[in-house]
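The block underneath contains the structure these notes are about, expressed in structure tokens.
Protein chains in written order, with the UniProt record's numbering: chain A, 1 to 377; chain B, 1 to 377.
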């Protein structure tokens with residue numbers, strides 16, 4: 001099989017059995033509770049509507065992941081623990097759980113199948129760091145080392161809280177340095193959204209926190225990283241943003257303008273904000289060809305803003321597409337009705353196909369070749 | 001002068017003298033306070049950095065507005081009271097102030113200059129409603145009537161709180177009906193952003209609340225309008241969104257997907273969320289040609305989602321550009337250094353010029369002809 005033809009899913013989640021057992025043992029959110037008919041429900045946000053989400057073997061059983069992959073023609077998945085990771089544990093618990101789950105995930109991948117006639121496995125993973133308040137930086141560095149040494153772990157997933165003060169906390173600098181040096185990819189993923197009061201009192205199910213809160217959280221976290229100079233200090237850090245970077249691409253010129261007009265911030269950064277956006281990788285989980293085409297323009301125009309005086313270079317969708325990677329968000333977003341292929345997956349694949357200005361090679365890149373290259377699969 | 005050549009600014013603010021006097025009399029935010037050297041400072045958000053923003057005659061003096069217009073080649077401005085409008089007043093105060101300020105604004109426009117050799121004035125306005133908790137709907141309807149009867153008021157500006165429960169409050173239905181019947185344009189503008197704790201503890205000046213909080217607020221408010229069925233009940237409502245609709249265009253396919261997967265909401269709306277986005281008007285205040293080109297695609301693709309089964313129509317930037325309108329956000333975003341033309345204005349004009357796929361006529365439309373048509377100038 002030709003690497004350029006692989007379909008690779010970089011946004012696909014798992015609750016490993018050890019994690020699910022821990023969630024079942026808990027009395028507070030996040031937790032898994034028994035439901036009628038022997039089923040279980042997952043509560044991951046406060047005030048979950050509909051009594052929580054149905055949760056089952058698709059979350060923890062490797063065979064179910066592989067069946068989902070087969071059904072959708074996905075050759076390789078880079079799986080990651082779903083939110084909220086270890087955020088709610090004590091430092092000691094988080095450290096122990098991170099170490100055990102990273103070992104579990106390496107085994108999940110290494111003992112899984114390979115692509116026929118290839119040494120490439122079908123499953124790779126993003127590990128976890130025990131990112132909770134008061135954990136020691138040494139403990140974090142230990143887990144970075146563990147992940148870097150695990151052949152099938154290609155990076156790590158993290159939320160936006162860091163040690164409790166967010167990702168713009170200088171205390172994390174040694175962690176960024178170690179991740180950068182190890183060449184690991186950080187998959188930045190939301191969980192908290194924004195304060196629920198913003199969404200009003202009407203019953204809108206999960207729509208507002210998921211459709212808006214999640215991307216807002218990713219946008220804020222990444223903007224705070226930019227403003228704190230993390231990308232100036234760690235120019236080779238490789239950050240993959242969930243949900244195509246949320247609203248950041250669309251607000252990046254406004255961000256640049258606001259920085260430019262604020263005496264407190266204007267002189268602090270080496271580059272225009274739009275330059276840093278071009279250092280990011282974005283999953284192609286945005287459900288529309290216009291969105292994908294646009295984000296590829298934003299990624300490519302970063303080159304325009306390398307120097308103080310922006311050039312007049314026209315954005316090149318083809319160039320920008322090289323930093324975009326297919327994802328499914330499985331096992332979230334199951335279709336309401338039983339169907340062969342999940343609508344959310346089909347929509348994202350069709351969107352990739354329909355982007356104006358992407359060549360066939362660009363589309364192959366987004367579907368898999370970019371991931372093969374980014375993760376050295 | 002040919003109407004197609006007019007430069008029309010639809011996003012330009014004023015604190016009329018009566019409003020400034022009221023702000024000076026206040027002991028709490030929002031307020032205007034004396035500053036060193038006979039200057040004044042404006043405090044409109046809690047915890048303003050830098051002791052607040054310099055405020056002066058550019059906020060209340062019509063001659064200053066006209067000078068700014070002349071300096072930037074702006075023929076017509078549709079001025080609106082800047083946030084936070086009347087949100088902080090009692091119902092009685094808000095009602096009285098709305099009525100007086102609407103009369104003041106009509107006079108500000110009607111006694112101002114006309115375009116040479118034309119009956120078109122250089123100044124038009126968006127009026128105010130006393131949108132505060134416990135105000136009577138009759139009072140709101142009185143002011144809608146007042147605005148509709150004022151020849152130079154072409155619509156009204158509003159924030160996102162409505163009567164305290166947001167704009168998805170059914171209590172506002174008679175107000176939408178009256179505004180729709182009068183053919184007035186609603187200019188929806190943010191003020192509150194999102195909960196500041198999301199922005200962390202680092203000193204980033206105004207950057208995060210302005211660059212992200214503002215567009216997030218507009219996005220949430222408009223999404224709540226969509227979810228509540230306002231555009232199904234009032235299909236001819238004309239809503240102009242500040243800052244190009246914030247993050248809504250970029251998140252509209254994600255929104256559609258989240259609605260589609262949520263049993264509580266999926267069956268409630270007549271159309272795909274992206275259809276309603278095409279009913280909106282967006283100012284062209286997004287500081288980048290890629291952003292503007294993209295939002296014009298999102299506006300035009302709405303037609304694809306009119307029916308339950310989306311068509312394969314390719315987005316048409318030219319078509320979408322007809323719902324986009326130049327704006328400056330004056331007197332906000334003054335450049336840090338004294339210059340002839342404001343950088344923010346030049347950037348937005350250059351961005352319009354640089355959009356790929358807009359014809360010269362499309363660009364003339366965004367610069368002015370669309371506003372001439374929308375407001376019947």
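Cβ coordinates follow ideal geometry from the N, Cα and C atoms, glycine included.
For clarity, every value in this text was computed on a predicted model and none was experimentally measured.
Quiz item: Are three or more beta carbon pairs between the region 201-208 of chain A and the region 148-160 of chain A nearer than 8 Å?
Solution: Segments in contact, no.
Quiz item: Alpha carbon to alpha carbon, how far is residue 68/A from residue 13/A?
Solution: Those two C-alpha atoms are separated by around 12 Å.
Self-check item: Proximity below 8 Å, CB of residue 15/B to CB of residue 82/B
Solution: Cβ atoms of residue 15/B and residue 82/B: closer than 8 Å.
Quiz item: Which of the three DSSP states, helix, strand or coil, is assigned to residue 285/B?
Solution: Judged by DSSP in its simplified three-state form, residue 285/B adopts coil rather than helix or strand.
Practice problem: Take the Cβ of residue 34/A as the centre, count every other Cβ of all protein chains shown within 10 Å, and call the residue buried at 16 or more, exposed below. | Solution: Around the Cβ of residue 34/A, a 10 Å sphere holds fewer than 16 other Cβ atoms; the residue is exposed.
Quiz item: Whose Cβ in chain B lies nearer than 7 Å to the Cβ of residue 200/A?
Solution: Among the residues of chain B, those whose CB is under 7 Å from the CB of residue 200/A are 165, 166, 168 and 224, following chain order.
Quiz item: Could you give the distance in angstroms between the alpha-carbon of residue 272/B and the alpha-carbon of residue 287/A?
Solution: Their Cα atoms are separated by approximately 13 Å.
Quiz item: Measuring CB to CB, does residue 132/B end up less than 8 Å from residue 179/B?
Solution: Cβ distance not < 8 Å, so residue 132/B and residue 179/B don't count as in contact.
Practice problem: Quickly, what does DSSP pair residue 77/A with across the bridge? List them, please. | Solution: In the DSSP output, where bridge partners are listed per residue, residue 77/A has 9/A and 123/A.
Exercise. Look at the alpha carbon of residue 37/A and the alpha carbon of residue 29/A, and state the distance between them as a whole number of angstroms.
Key: Pairing residue 37/A with residue 29/A, the inter-Cα distance amounts to about 22 Å.
Self-check item: C-beta neighbour in chain B for residue 1/A, strict 8 Å
Solution: The predicted model places residue 1/A with a pLDDT of 44, which falls under 50 and marks its position as unreliable, so this point remains unresolved.
Self-check item: Rounded C-alpha distance that separates residue 54/A from residue 313/A
Solution: As the crow flies, the alpha-carbon of residue 54/A is around 49 Å from that of residue 313/A.
Quiz item: What residue ranges within the region 36-101 of chain A form continuous alpha helix (DSSP H) runs of no fewer than 4 residues, ordered along the chain?
Solution: Taking only runs of at least 4 residues, the alpha helix (DSSP H) segments lying wholly in the region 36-101 of chain A are 57-60 and 62-71.
Quiz item: Does any C-beta atom of chain B lie closer than 8 Å to the C-beta of residue 53/A?
Solution: Chain B, which has no Cβ nearer than 8 Å to the Cβ of residue 53/A, makes this no.
Practice problem: Can you give me, in chain order, the residues of the region 319-352 of chain A that have a beta carbon less than 8 Å from any beta carbon in chain B? | Solution: The residues in question are 333, 334, 335, 336, 343, 344, 347 and 351.
Quiz prompt | Within chain B, the residues that residue 83/A reaches when beta carbons sit closer than 7 Å | solution = The premise fails here: residue 83/A is roughly 16 Å from chain B at the closest Cβ pair, so nothing lies under 7 Å.
Quiz prompt | Reference residue 284/B, options 223/B, 136/B and 244/B, closest by Cα | solution = Among 223/B, 136/B and 244/B, the Cα nearest to that of residue 284/B is on 244/B.
Self-check item: CB contact below 8 Å: residue 109/B versus chain A
Solution: No, its Cβ sits nowhere closer than 8 Å to a Cβ of chain A.
Quiz prompt | CB contact check: residue 195/A to chain B, cutoff 8 Å | solution = Judged by the 8 Å Cβ criterion, residue 195/A is in contact with chain B.
Quiz item: Whose C-alpha, out of 258/A, 259/A, 248/A and 305/A, is nearest the C-alpha of residue 282/A?
Solution: Its Cα nearest to that of residue 282/A, the residue 248/A stands out among 258/A, 259/A, 248/A and 305/A.
Exercise. From the DSSP output, in three-state form, read off residue 185/A for me.
Key: The three-state secondary structure of residue 185/A, taken from DSSP, is strand.
Quiz item: Anyone know if the C-beta pair for residue 382/A and residue 209/A falls short of 8 Å?
Solution: Residue 382/A lies beyond the residue range present for chain A, which begins at 1 and ends at 377; the question has no answer from this structure.
Quiz prompt | residue 1/A classed as buried or exposed, judged by whether at least 16 other C-beta atoms fall within 10 angstroms | solution = Reliability of the predicted coordinates at residue 1/A is poor, the pLDDT of 44 falling under 50, and the value obtained from them is presented with this limitation in mind. Counting of Cβ neighbours within 10 angstroms places residue 1/A among the exposed residues, the total staying below 16.
Quiz prompt | Under 9 Å from the C-beta of residue 302/B: neighbouring residues of chain A | solution = The contacting residues do not exist; residue 302/B stays about 11 Å from chain A at best.
Quiz item: Does the Cβ-Cβ distance between residue 125/B and residue 106/B come in under 8 Å?
Solution: Yes, Cβ-Cβ distance for residue 125/B and residue 106/B is below 8 Å.
Quiz item: Quick one: what does DSSP say residue 341/A is sitting in, helix, strand or coil?
Solution: If DSSP states are grouped into helix, strand and coil, residue 341/A belongs with coil.
Quiz prompt | Backbone CA spacing between residue 370/B and residue 376/B [nearest angstrom] | solution = Their backbone Cα atoms lie some 10 Å apart in a straight line.
Quiz item: Nearest to residue 348/B by CA position, among 19/B, 74/B, 307/B and 56/B, is which residue?
Solution: That would be 74/B, whose Cα lies nearest to the Cα of residue 348/B.
Quiz item: Which ranges would you report for the beta strand (DSSP E) in the region 128-187 of chain A if only whole runs of at least 3 residues count?
Solution: Runs found: 153-158.
Quiz item: Measuring CA to CA, which of 176/B, 277/B, 326/B and 220/B is closest to residue 234/B?
Solution: Considering only alpha carbons, the answer is 176/B.
Quiz item: For residue 289/A, is the classification buried or exposed, using 16 other Cβ atoms within 10 angstroms of its Cβ as the cut-off for buried?
Solution: Buried is the call here.
Self-check item: the region 210-227 of chain A in contact with the region 248-264 of chain A per 3-pair CB rule at 8 Å
Solution: Below 8 Å, enough C-beta pairs join the region 210-227 of chain A and the region 248-264 of chain A to call them touching: three or more.
Self-check item: Simplified DSSP assignment, three categories, for residue 224/A
Solution: Here residue 224/A sits in helix by DSSP.
Quiz item: How many angstroms separate the CA atom of residue 63/B from the CA atom of residue 109/B?
Solution: Counting only the Cα atoms, residue 109/B lies some 12 Å from residue 63/B.
Quiz item: Is the beta carbon of residue 343/A less than 8 Å from the beta carbon of residue 331/A?
Solution: No. Outside cutoff.
Exercise. Compare the C-beta of residue 190/B against all C-beta atoms of chain A and say whether one is closer than 8 Å.
Key: So no, residue 190/B is outside the interface.
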